Amino acid sequence: MSLTREIAFTLNGSLRNVTVPVTMTALAMLRDVLRLTGTKYGCGEGECGACTIIVDGRSVNACLMFAVDCDGRTVTTIEGVAADEASEPLRQAMVDNGAVQCGFCTPGMVMQSTWLLEQNPHASRDEIKRGLEGNLCRCTGYKKLIDAVAAVSGTNQ
Amino acid sequence: MTTKTIEKNSLIGRRIPKMDAPDKASGKTRYIGDLNVSGQLYGKILRSGRIHARIVRIDTSKAKALPGVHAVITAADVPDQRPIGVNKDHMPLKGDKVRSQRDEIAAVAADSEEIAEEALKLIEVEYEDLPTIFDPRDALKPGAPLINDFKKDNVAMVFDYSHGDVAQGEAESDVVIEDSFELHYVTHCCMGVSGVIAEFDASGNLLLYSNTQVPFLHKREFAELLNIDPGRIRIIQPPIGGGFGSKLDIYPFEPIAIFLARATKRPVKLMFTREEEFLASPTRQPVILTLRSGVRKDGSLTFRTVDTLHDNGAYTSWGATTPFVMMQTFSSLYRVEHCLYKTTAVYTNNPYAGSFRGYGNLQATFAIEQHMDKLAEAIGMDPLEFRLKNAQEAGEVTGQGMHFKTCGFKDCITTAAERSDYQAKRRAYKAAQGAPGSVKRGVGIASMLHVGGGAKIYPSDGCGTILKLDDFAHVTVMTGASEIGQGSETVLAQLVCEELGVPLGSVTVVNNDTDITPWDVGVHASRTTFIAGNSAIGAARKARDKILNAAAKVSNLAAGDLDLRDGFIVRASDGQVIMPLAKMLRSLHFSDKAELVMTTHYYEPPSVHQDKGFKGDVSAAYAWATQVVEVEVDTDTGIVTLLKVWAAHDVGRVLNRLGIEGQIEGGIVMGQGYAITETLMIENGVCKNPNFRDYKLVTAPEIPEMDITFIETMDGEGPQGAKGVGEAPAICMAAAVANAIENATGTRIYKLPFTPENVYRALHPALAEAAE
Ligand code: FES
Ligand code: FES
Chain A
1 MSLTREIAFT LNGSLRNVTV PVTMTALAML RDVLRLTGTK YGCGEGECGA
51 CTIIVDGRSV NACLMFAVDC DGRTVTTIEG VAADEASEPL RQAMVDNGAV
101 QCGFCTPGMV MQSTWLLEQN PHASRDEIKR GLEGNLCRCT GYKKLIDAVA
151 AVSGTNQ
Chain B
1001 MTTKTIEKNS LIGRRIPKMD APDKASGKTR YIGDLNVSGQ LYGKILRSGR
1051 IHARIVRIDT SKAKALPGVH AVITAADVPD QRPIGVNKDH MPLKGDKVRS
1101 QRDEIAAVAA DSEEIAEEAL KLIEVEYEDL PTIFDPRDAL KPGAPLINDF
1151 KKDNVAMVFD YSHGDVAQGE AESDVVIEDS FELHYVTHCC MGVSGVIAEF
1201 DASGNLLLYS NTQVPFLHKR EFAELLNIDP GRIRIIQPPI GGGFGSKLDI
1251 YPFEPIAIFL ARATKRPVKL MFTREEEFLA SPTRQPVILT LRSGVRKDGS
1301 LTFRTVDTLH DNGAYTSWGA TTPFVMMQTF SSLYRVEHCL YKTTAVYTNN
1351 PYAGSFRGYG NLQATFAIEQ HMDKLAEAIG MDPLEFRLKN AQEAGEVTGQ
1401 GMHFKTCGFK DCITTAAERS DYQAKRRAYK AAQGAPGSVK RGVGIASMLH
1451 VGGGAKIYPS DGCGTILKLD DFAHVTVMTG ASEIGQGSET VLAQLVCEEL
1501 GVPLGSVTVV NNDTDITPWD VGVHASRTTF IAGNSAIGAA RKARDKILNA
1551 AAKVSNLAAG DLDLRDGFIV RASDGQVIMP LAKMLRSLHF SDKAELVMTT
1601 HYYEPPSVHQ DKGFKGDVSA AYAWATQVVE VEVDTDTGIV TLLKVWAAHD
1651 VGRVLNRLGI EGQIEGGIVM GQGYAITETL MIENGVCKNP NFRDYKLVTA
1701 PEIPEMDITF IETMDGEGPQ GAKGVGEAPA ICMAAAVANA IENATGTRIY
1751 KLPFTPENVY RALHPALAEA AE
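Chains as they are written, first to last, in the numbering used here: chain A, 1 to 157; chain B, 1001 to 1772.
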């Protein structure tokens, strides 16, 4: 239908070649073309964080990024993080601290927290709160999400 | 010979992580949007561009001609469609006229979402505008336009309740006050948007992948709607991305997806965009409420008269029935001899309201708890003492017939007040109202009563369980209860573990398929832990009896002297191991007896249906809570900052501490949003902020500090003593914040939400007026 382009990028550690319409978002590519549904659609407008992925070491809303802009980059999604043993303590902390209810926001929260802890391994509670500001959760009231990240950062403030 | 012994190890009251959390934290959980059925088409809905208009002509020919389009349907294509909703006043596809912005007039099934959207743009509709109603007060005026022709007075629903004689109550009063309150639109904002997949098999049986909270009620309703045998409908519920009451009714998109599947003979997946979610999901019921209350000088309440006007929107969903809950708060939260309650719900061209966590109780509590402060002030009594004087106690039967078998209300009040130092702070902040500086502090208190043991609204309030143990002592619990994120599967597993002495990892809960699970009325009224919990316990006890009776025969001990612990059959007195449970099960299975341990249980709570006057003990238990909040109000900007919440909840008993804390915290923050940040802006029937940029949900940095105390009253009917708690924590917040703003500033605000603009206007009426 629309104009397409072939792109190549590293996705969760493997090189991928995909042909995508130029108007397609990275979120649609991940979910509909590559069938990686761990990255969620919550708003499509960069306002909820459910679609958070890591691109070249930065946390990004996949719904705001064009798929073609993944070309040549390194992209990590929740599927990549879930397969990475190094992220086990964070995911386990989410589970153990009761940070998961309906769970729809959780992949985005895990991604954002992963990035946050990479930037600031010993983040304080206030830094964690600010770091999660762009991720909405309707169920938990955030406290247990903050507790989970704080458990990993080892903060007691 | 060393004999192994096992001590009793209870999971009740512990911090048990949610069983499905590891998958959810790994992105492995597949919600409705993540499911795809081979051969599926994508459905999209064309909504009205007008608010109230006659549909003169719809032309779908261009849309039909678009390559990749498989069906375009309008009301004319589904002559057999039937109305949905509580009043059966809502056609899924509108043929004659549209009555609100969200109205569905056509739908497309296509090879992709993009093509379906393209096709919508090609549908031509001609309208003829009709006069509108946006203010519910206008709906009752003589000569008002009619929204639904069969309702000549625009009245969708009326509720009348009374006990005692309010005239006598008024005569006995030393002080009488009356105020009006206005409660706004907010919406659920489930993080997962709505969606459905509809598929017919070759024999005409319908399979729905649905997010419903009430699968068994909906099975019946869909059958009526489609005029097919309910036995031919199967509903599978994939994990649900948030419910909060929103999935308690059928909405037009569901029948529309089914019509598209029928027309194309293909599975049809229909997902909302976030904008659609804002426009076309139900709201919390907006209310205009007048409350008149009286009190004697000694601090005893005399009467309450309540009159509410509910904006029903264009169609009727559960919002119109929130008076069921609202009247309980007025009649029974505090002892009051005389009470008169009336609601009129009227049709307008606004969005319509559904059920939303708390079900009218946030609105009722907002009014009643502000009045408690005002009445106390009027008679010069401390507001805490005033509340304690009128608070219900265990054993009471209220004017409405509610029987409080356990009641931790007074404990809730004193606990929240003591932990927050409410009285001293209140006095200090009141004294500081006139002090220099624009930033003021205040504390506010509010309490609530809510059903905590189900609610007998439908013919049955029950839940069924099927339980089986396999040869390896793995337990499968098939429950009717739906899981919407609240943690029911974990609590049910815990309760079963308690009876069968198996580790949590040995239990699987199946709760999502109407072809497998037994009937349940649905997730609503905070009932799942209580009702489904008792049902699961019942099934587990039957299995336990069967196992212990068999074990008694081989161990030469009485069944009553045996116990199940950690996967073993043991002697109850000292925990000495007799044999592994799995071995016992295999010996039953593979012996001459050839028996499997499979049990069923149906639990119906010992509550009653209310009579025509809404009287009767509608729930098997009642939950209580008090919340104290501390706020900071910047009088120069109108910004209200919620600093801390002290919550004391009578929950019967804590079953899963982690889960119940999560419910309370999430509810508090949802209540904070209702009070301070959220508003769905409806102007002349049009939603002005259908996105998260302009609809302000609370974010992580804004949450208050939370101090939560559980009051354990060990309810005699509750599962292990527990009561339902899902809705309770959201209910008090708006009322408590209103009282805190008054304490900080001396100004009482009767209208929600407490956004900076509204608060500023209330604090500086002259300035606000001058600026206009
Ligand atoms: S879906 Fe990308 S931020 Fe909401
Ligand atoms: S757990 Fe449901 S939205 Fe966060």
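Think of the CB as a built atom: it goes at the ideal place given N, C-alpha and C, for glycine as much as any other residue.
Since this is a predicted model, take the numbers as computed values, not measurements.
Rounded straight-line distance, which links the Cα of residue j to that of residue i
i	j	result
Asp1307 (chain B)	Ala1261 (chain B)	46 Å
Asn12 (chain A)	Ile53 (chain A)	11 Å
Ile1233 (chain B)	Thr19 (chain A)	40 Å
Met1001 (chain B)	Val1577 (chain B)	At Met1001 (chain B), the pLDDT of 47 sits below 50, so the modelled position is not reliable and the matter cannot be decided from this model.
Ser1460 (chain B)	Ala1345 (chain B)	26 Å
Met1706 (chain B)	Ala1647 (chain B)	7 Å
Val110 (chain A)	Val1640 (chain B)	31 Å
Arg1030 (chain B)	Glu79 (chain A)	13 Å
Thr1348 (chain B)	Phe1278 (chain B)	18 Å
Pro1017 (chain B)	Phe1244 (chain B)	21 Å
Gly1380 (chain B)	Thr1365 (chain B)	22 Å
Pro1323 (chain B)	His1310 (chain B)	9 Å
Ser1587 (chain B)	Arg1541 (chain B)	20 Å
Val1773 (chain B)	Glu1630 (chain B)	What is shown of chain B runs 1001 to 1772, which leaves residue 1773 (chain B) out entirely.
Ile1006 (chain B)	Lys1723 (chain B)	30 Å
Ile1708 (chain B)	Cys105 (chain A)	24 Å
Tyr1750 (chain B)	Ala1280 (chain B)	28 Å
Arg16 (chain A)	Ser153 (chain A)	33 Å
Phe40 (chain A)	Asp32 (chain A)	Residue identity differs from the one stated: residue 40 (chain A) is Lys in this sequence, not Phe. So the two alpha carbons sit approximately 11 Å from each other.
Chain-ordered neighbours of residue i on chain A, where CB pairs are closer than 7 Å
i	result
Arg1030 (chain B)	Thr37
Ala1025 (chain B)	Arg91, Met94, Val95, Val100, Thr106, Val110
Glu1632 (chain B)	Chain A residues near Glu1632 (chain B): none, gap ~17 Å exceeds 7 Å.
C-beta neighbour in chain A for residue i, strict 8 Å
i	result
Arg1274 (chain B)	yes
Thr1699 (chain B)	yes
Pro1230 (chain B)	no
Lys1018 (chain B)	yes
Met1001 (chain B)	Residue confidence for Met1001 (chain B) is low, a pLDDT of 47 falling below 50, so the modelled location carries little weight and cannot support an answer.
Asp1034 (chain B)	yes
Val1628 (chain B)	no
Terminal residues of the alpha helix (DSSP H) in which residue i lies
i	result
Leu1596 (chain B)	Counting along the chain, Leu1596 (chain B) falls outside any alpha helix (DSSP H), and DSSP gives it neither H nor E.
Asp1411 (chain B)	1409-1420
Lys1546 (chain B)	1533-1555
Chain B contact for residue i (CB, 8 Å cutoff)
i	result
Met94 (chain A)	yes
Met106 (chain A)	For the sequence presented, residue 106 (chain A) should be read as Thr rather than Met. Chain B contact via Cβ: present.
Thr140 (chain A)	yes
Glu79 (chain A)	yes
Leu3 (chain A)	no
Ile146 (chain A)	yes
Leu136 (chain A)	yes
Near ligand 2: residue i beta-carbon under 7 Å from a heavy atom
i	result
Met1191 (chain B)	yes
Gly1673 (chain B)	no
Val100 (chain A)	yes
Near ligand 1: residue i beta-carbon under 7 Å from a heavy atom
i	result
Glu45 (chain A)	yes
Gly1452 (chain B)	no
Asn12 (chain A)	no
Leu1562 (chain B)	no
Tyr1422 (chain B)	no
Cys63 (chain A)	yes
Chain B residues whose Cβ lies nearer than 8 Å to that of residue i
i	result
Glu45 (chain A)	Arg1274, Asn1691, Phe1692, Arg1693
Span of the beta strand (DSSP E) around residue i
i	result
Pro1252 (chain B)	Where Pro1252 (chain B) is concerned, there is no enclosing beta strand (DSSP E), given that its DSSP letter is neither H nor E.
Val1175 (chain B)	1175-1183
Gln1627 (chain B)	1622-1634
Beta carbon proximity, residue i to chain D, threshold 8 Å
i	result
Glu1489 (chain B)	In summary, chain D is missing from the structure at hand, where the protein chains are A and B.
Contact list for residue i against chain B, beta-carbon separation under 9 Å
i	result
Cys158 (chain A)	As shown, chain A starts at 1 and ends at 157. That puts residue 158 (chain A) outside it, with no answer to give.
Gly42 (chain A)	Met1191, Gly1192, Val1193, Gly1241, Arg1274, Phe1692
Val82 (chain A)	Note on identity: in this sequence residue 82 (chain A) is Ala, with Val being the wrong assignment. Near Ala82 (chain A) (Cβ distances below 9 Å), the residues of chain B are Ala1025, Ser1026, Gly1027, Lys1028.
Cross-chain neighbours of residue i in chain A, by beta carbon under 8 Å
i	result
Met1706 (chain B)	Gly141, Lys143
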